[in-house]
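Read in my numbering, the sequence shown has 265 at position 105, and its numbers run on one by one without any break.
Written below as structure tokens is the structure these notes are about.
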Amino acid sequence: MKRFSIVNNGYNIEEVNNFIDIVIKKLEKLSEDNRNYLKQLETLKKQSSQDTDIKVARALMAAQETTDKMKELAKTEADLIVKEAKDNASAIVHEALVNAQKTEQEYESLKKSYCVYKAKMESLIKGQLELLEKSNIEE
161 MKRFSIVNNG YNIEEVNNFI DIVIKKLEKL SEDNRNYLKQ LETLKKQSSQ
211 DTDIKVARAL MAAQETTDKM KELAKTEADL IVKEAKDNAS AIVHEALVNA
261 QKTEQEYESL KKSYCVYKAK MESLIKGQLE LLEKSNIEE
């Protein structure tokens with residue numbers, strides 16, 4: 161099963177495009193094979209006047225079997241790609257949630273540190289003001 165790298169905005173576009181190119185080439189090859197089977201069918205019709213119906217039926221069955229196999233293979237591969245994409249999406253969402261929780265915890269920690277710092281500074285400033293007021297009285 162093909163795995164794609166995960167980048168900031170989703171899957172690596174180049175990898176996905178390369179994979180799609182491979183799938184397209186496979187489908188083109190299968191279509192080419194199908195066209196070749198159809199050409200062979202026409203050749204068989206022209207070469208034989210006897211048993212034409214039997215030969216045609218066999219060729220059509222072979223073409224139908226090939227088409228059915230192509231459809232099943234494409235469906236299976238599409239299902240696997242969709243499943244993998246869903247799995248990857250779930251992993252990305254989970255990672256984002258974990259990161260959000262960490263960020264929230266860091267925010268709460270910073271908020272507490274700020275409150276402690278603010279209280280210390282207020283206490284220090286009040287102490288300094290008291291000293292300043294006492295020094296004004298004595299003068």
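C-beta atoms are modelled at their ideal positions from N, C-alpha and C, and glycine is treated no differently.
In the same chain as residue 193, and ignoring 5 residues on each side of it, the C-beta atoms closer than 8 Å to its own belong to 226, in chain order.
Counting only the Cα atoms, residue 260 lies some 46 Å from residue 229.
Per DSSP, the unbroken alpha helix (DSSP H) holding residue 186 starts and ends at 173-207. When beta bridges are read from the DSSP output, residue 167 appears opposite 170. Using a Cβ distance threshold of 7 Å, residue 215 and residue 204 count as a contacting pair. It is roughly 10 Å from the alpha-carbon of residue 223 to the alpha-carbon of residue 196.
Here DSSP, grouped into helix, strand and coil, assigns residue 280 to helix. Here residue 286 carries a helix assignment [DSSP, helix/strand/coil]. Only residues of its own chain outside the window of five on either side were considered, and among them 166 have a CB closer than 7 Å to the CB of residue 252, listed in chain order.
Taking each of 201, 276, 231 and 169 in turn and checking the Cα distance to residue 218, the smallest one comes out for 201. In this structure, DSSP gives residue 215 a helical state, which the three-state scheme calls helix. For the pair residue 206 and residue 179, the CB atoms are not nearer than the 7 Å cut-off.
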